[in-house]
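Number of protein chains: 2
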Amino acid sequence: MLNMFGILEKPLITITNIIWSFDRTTKQLQVLLVKRAQPPYQNSWALPETFMRTQESADEAALRLIREKIGLNLSDFYTEQLATFTNQQRTSNERALSLAYMTFLPEMPALKAGYGALEARWFAFSAVQKRYCLSNRQLTFQTAAEASETAYYQALKQQQPDQHLAFDHEWILRLACQRIKNKLNYQPNILLVLGAQFTLKEARMIYAAFLGIKPSEIDNSNFKKTHKHLFKDIGISSSKQIGRPAKLYRLASNKVEF
Amino acid sequence: MLNMFGILEKPLITITNIIWSFDRTTKQLQVLLVKRAQPPYQNSWALPETFMRTQESADEAALRLIREKIGLNLSDFYTEQLATFTNQQRTSNERALSLAYMTFLPEMPALKAGYGALEARWFAFSAVQKRYCLSNRQLTFQTAAEASETAYYQALKQQQPDQHLAFDHEWILRLACQRIKNKLNYQPNILLVLGAQFTLKEARMIYAAFLGIKPSEIDNSNFKKTHKHLFKDIGISSSKQIGRPAKLYRLASNKVEF
DNA sequence: GCAAAAGTGTTGTCAGTACACCCATGA
DNA sequence: TCATGGGTGTACTGACAACACTTTTGC
Numbered sequence: 001m002l003n004m005f006g007i008l009e010k011p012l013i014t015i016t017n018i019i020w021s022f023d024r025t026t027k028q029l030q031v032l033l034v035k036r037a038q039p040p041y042q043n044s045w046a047l048p049e050t051f052m053r054t055q056e057s058a059d060e061a062a063l064r065l066i067r068e069k070i071g072l073n074l075s076d077f078y079t080e081q082l083a084t085f086t087n088q089q090r091t092s093n094e095r096a097l098s099l100a101y102m103t104f105l106p107e108m109p110a111l112k113a114g115y116g117a118l119e120a121r122w123f124a125f126s127a128v129q130k131r132y133c134l135s136n137r138q139l140t141f142q143t144a145a146e147a148s149e150t151a152y153y154q155a156l157k158q159q160q161p162d163q164h165l166a167f168d169h170e171w172i173l174r175l176a177c178q179r180i181k182n183k184l185n186y187q188p189n190i191l192l193v194l195g196a197q198f199t200l201k202e203a204r205m206i207y208a209a210f211l212g213i214k215p216s217e218i219d220n221s222n223f224k225k226t227h228k229h230l231f232k233d234i235g236i237s238s239s240k241q242i243g244r245p246a247k248l249y250r251l252a253s254n255k256v257e258f
Numbered sequence: 001m002l003n004m005f006g007i008l009e010k011p012l013i014t015i016t017n018i019i020w021s022f023d024r025t026t027k028q029l030q031v032l033l034v035k036r037a038q039p040p041y042q043n044s045w046a047l048p049e050t051f052m053r054t055q056e057s058a059d060e061a062a063l064r065l066i067r068e069k070i071g072l073n074l075s076d077f078y079t080e081q082l083a084t085f086t087n088q089q090r091t092s093n094e095r096a097l098s099l100a101y102m103t104f105l106p107e108m109p110a111l112k113a114g115y116g117a118l119e120a121r122w123f124a125f126s127a128v129q130k131r132y133c134l135s136n137r138q139l140t141f142q143t144a145a146e147a148s149e150t151a152y153y154q155a156l157k158q159q160q161p162d163q164h165l166a167f168d169h170e171w172i173l174r175l176a177c178q179r180i181k182n183k184l185n186y187q188p189n190i191l192l193v194l195g196a197q198f199t200l201k202e203a204r205m206i207y208a209a210f211l212g213i214k215p216s217e218i219d220n221s222n223f224k225k226t227h228k229h230l231f232k233d234i235g236i237s238s239s240k241q242i243g244r245p246a247k248l249y250r251l252a253s254n255k256v257e258f
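Chains as they are written, first to last, in our numbering: chain A, 1 to 258; chain B, 1 to 258.
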């Protein structure tokens, strides 16, 4: 149909999902990365991706991706749209759009590399200077440093493939982190990685990671006062470690006012 | 390529652009709607759309749409991404994604219906109850009433085509209005429709439209104090009407902190 | 001079911060 | 009992809303 000048040749549609979880032993946020089995960017680490199918919406594809990549089959996860990336320079070969989503898992499951991946690993999330950092043993990746889209895609061409994530994934991650940080004080969906219940200390650890400060720099008293409208007290106290046991909270169903 | 089960059959990619402007005579915000010349939804009013071409990014396509639909050829407009709509039920026939953008024109140009449109008109924007309303003479459309996506798309099937905008455009508009409203107090890009310079009264008129109140309900003194960091005073005063001439302002280049 | 519209100033309230203090637990 | 960590309370500060007052224009 009207393909004379390639005008209506359809690009590939990729679903890119940034999957977050929380490691309760090391107390660190985690992001899922996979090592690509096929070109382009074969053997590079990347955000998990899949192609969209015609019978499903992008949200459904993002959920399917989780099932396929990490074999996890919980009833439903919280997934939200991040943005859509369409710059021509984002892929070096065939044109491909990326519809990017974020998923917050309530636990940190063991991973097995699914179709299209040689490996799948959790990478620990941390802030370094004004950027964010994903690391697993000797592997380390950072969110893009450039502030402007054109500058980033310009720099992307000269990049060393093995030092960086595939495609424009460092740019996508940058936007994801910004978005989460901006929403911390009114819709902290990132706390869903803490599962059904969490202590204020755990919440402060996540806030601190995005703010680039130490958890101890967030005053517990003030934090509770300024965020109590976002959390629901579920009375029960856990124990297990030294010190007074903390109360447990869950995210208040934060219906955003329309 | 791997088209066995229609799995990789590629959907159409539509760029939908919500184009805003401001009528300085009636002092009302305007949204551009077109009357569709071709099926589906032939003769229905709709947001202007185009198909994405492989040589361009979605942002470029959104700009091309403006040139083609309204023959306007300013150097560059401010365009921002709204969201991407992928629900299967959003189109009744062939599957199509919509990448939705918003453009804020610094003036309100005369319109001529471009390719694919029988007519193109500016519709005045106003708030009615908890919804928003677009009207031009006897024609009136409203943003979707449903709060949940599934509820909306369920209701969409039973809709009278001639009472409503085409496709899920009333849903898209709803999200657009919400987004603009939420950003009023930290990144009021909507004020770009006021052009290079504006008075505080004009700004208050736009705020009032989204807040569903009268401009007089916004205290000028307080408005100036709480928003002065967003505006830059450009000293000059205009006159032309009764009362003390107002100072002129422009949007401060609001770099968002990263 | 008067009305209209814009700008300035003043006060009270409320939310956020800094910080001191109290409580519950494990070793 | 002490150290550790969580919870509570108080005083200071700064932002915002309500509202009174002043300035500049057209008629």
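Ideal Cβ placement from N, Cα and C applies to all residues, glycine included.
Note that the coordinates shown come from a computational prediction; the quantities given were computed from them, not determined experimentally.
Limits of the alpha helix (DSSP H) - the one that residue i falls within
{"i": "A:Y152", "result": "E149 to L156"}
{"i": "B:R67", "result": "A58 to I70"}
{"i": "B:K130", "result": "No alpha helix (DSSP H) holds B:K130; DSSP gives it neither H nor E."}
{"i": "A:K225", "result": "N220 to H227"}
Pairwise C-alpha distance: residue j and residue i
{"i": "A:R174", "j": "A:A46", "result": "14 angstroms"}
{"i": "B:Q269", "j": "B:Q197", "result": "Residue 269 of chain B lies beyond the stretch modelled for chain B, which goes from 1 to 258, so this question has no answer here."}
{"i": "A:L156", "j": "A:A37", "result": "21 angstroms"}
{"i": "B:K255", "j": "B:Y78", "result": "Bear in mind that a pLDDT of 47 at B:K255, under 50, signals an unreliable position, so the model cannot answer this."}
{"i": "A:F5", "j": "A:E56", "result": "The pLDDT assigned to A:F5 is 41, lower than 50, so where the model puts this residue is not dependable; a value taken from the coordinates is nonetheless given after this. Going by the C-alpha atoms only, they are around 29 angstroms apart."}
{"i": "B:S135", "j": "B:A203", "result": "21 angstroms"}
{"i": "A:A110", "j": "B:T140", "result": "54 angstroms"}
{"i": "B:M108", "j": "B:T50", "result": "21 angstroms"}
{"i": "A:Q142", "j": "A:I213", "result": "17 angstroms"}
{"i": "B:F104", "j": "A:Q241", "result": "56 angstroms"}
{"i": "B:V193", "j": "A:A117", "result": "48 angstroms"}
{"i": "A:N87", "j": "A:G243", "result": "52 angstroms"}
{"i": "B:E257", "j": "B:Y249", "result": "Residue confidence for B:E257 is low, a pLDDT of 39 falling below 50, so the modelled location carries little weight and cannot support an answer."}
{"i": "A:I70", "j": "A:A113", "result": "7 angstroms"}
{"i": "B:A58", "j": "B:S98", "result": "10 angstroms"}
{"i": "A:K10", "j": "B:R64", "result": "18 angstroms"}
{"i": "B:A147", "j": "A:L251", "result": "20 angstroms"}
{"i": "B:L2", "j": "A:T54", "result": "Residue confidence is low: B:L2 scores 42 on pLDDT, short of 50, so the model does not pin down where it sits. No coordinate-derived value is stated."}
{"i": "B:I7", "j": "A:N73", "result": "Residue placement at B:I7 is poorly supported in this model, since its pLDDT is 48, which falls under 50; the coordinates still yield a value, given next. Distance between the alpha carbons of B:I7 and A:N73 is about 22 angstroms."}
{"i": "B:V128", "j": "B:F223", "result": "23 angstroms"}
{"i": "A:L211", "j": "A:Y153", "result": "26 angstroms"}
{"i": "A:V31", "j": "B:R131", "result": "39 angstroms"}
CB contact flag (residue i, residue j, <8 angstroms)
{"i": "A:L29", "j": "A:A209", "result": "yes"}
{"i": "B:M102", "j": "B:L82", "result": "yes"}
{"i": "B:I206", "j": "B:L191", "result": "yes"}
{"i": "B:I172", "j": "B:T16", "result": "yes"}
{"i": "B:L12", "j": "B:R95", "result": "yes"}
{"i": "B:K35", "j": "B:E170", "result": "no"}
{"i": "A:T91", "j": "B:T84", "result": "no"}
{"i": "A:A166", "j": "A:Y41", "result": "yes"}
{"i": "A:A100", "j": "A:I218", "result": "no"}
{"i": "A:E80", "j": "A:N185", "result": "no"}
{"i": "A:D162", "j": "A:S253", "result": "no"}
{"i": "A:K183", "j": "A:A246", "result": "no"}
{"i": "B:P106", "j": "B:G195", "result": "yes"}
{"i": "A:W122", "j": "A:S221", "result": "no"}
Delimiting residues of the beta strand (DSSP E) encompassing residue i
{"i": "B:N87", "result": "Per DSSP, B:N87 belongs to no beta strand (DSSP E) and is neither H nor E."}
{"i": "A:T140", "result": "L139 to Q142"}
{"i": "B:A100", "result": "A96 to F104"}
{"i": "A:K247", "result": "K247 to L251"}
{"i": "B:T14", "result": "L12 to D23"}
{"i": "A:T33", "result": "Thr is not the amino acid found at residue 33 of chain A; the sequence shown has Leu there. Segment Q28 to R36, the beta strand (DSSP E) holding A:L33."}
{"i": "B:T50", "result": "E49 to F51"}
Q: Anything in the stretch 68-86 of chain A with a Cβ closer than 8 angstroms to a Cβ of chain B? List those residues in chain order, please.
A: Answer set for the stretch 68-86 of chain A: Q81, A83, T84 and T86.
Q. What are the residues of the stretch 97-114 of chain B that lie near chain A, defined by any Cβ-Cβ distance shorter than 8 angstroms?
A. The residues in question are L97 and L99.
Q | Residues, ordered as in the chain, of the stretch 48-67 of chain A that lie near chain B by beta-carbon distance below 8 angstroms | A | For the stretch 48-67 of chain A, the residues whose beta carbon sits under 8 angstroms from a beta carbon of chain B are, in order, F51, M52, R53, T54, Q55, E56, S57, A58 and D59.
Q) Which residue spans inside the stretch 156-216 of chain B form an unbroken alpha helix (DSSP H) run of at least 4? A) Within the stretch 156-216 of chain B, the runs of alpha helix (DSSP H) that reach at least 4 residues and sit entirely inside it are, in chain order, 169-183 and 200-211.
**Q.** Under 7 angstroms (Cβ pairs) to chain B, residues found in the stretch 173-206 of chain A
**A.** So the close ones are Q178.
Q. Closer than 8 angstroms, Cβ to any Cβ of chain B: which residues of the stretch 124-142 of chain A, in chain order?
A. So the list reads K130, given in the order they occur along the chain.
Q | Selection of the stretch 147-174 of chain A by Cβ proximity to chain B, strictly under 7 angstroms | A | Listed in sequence order: A147.
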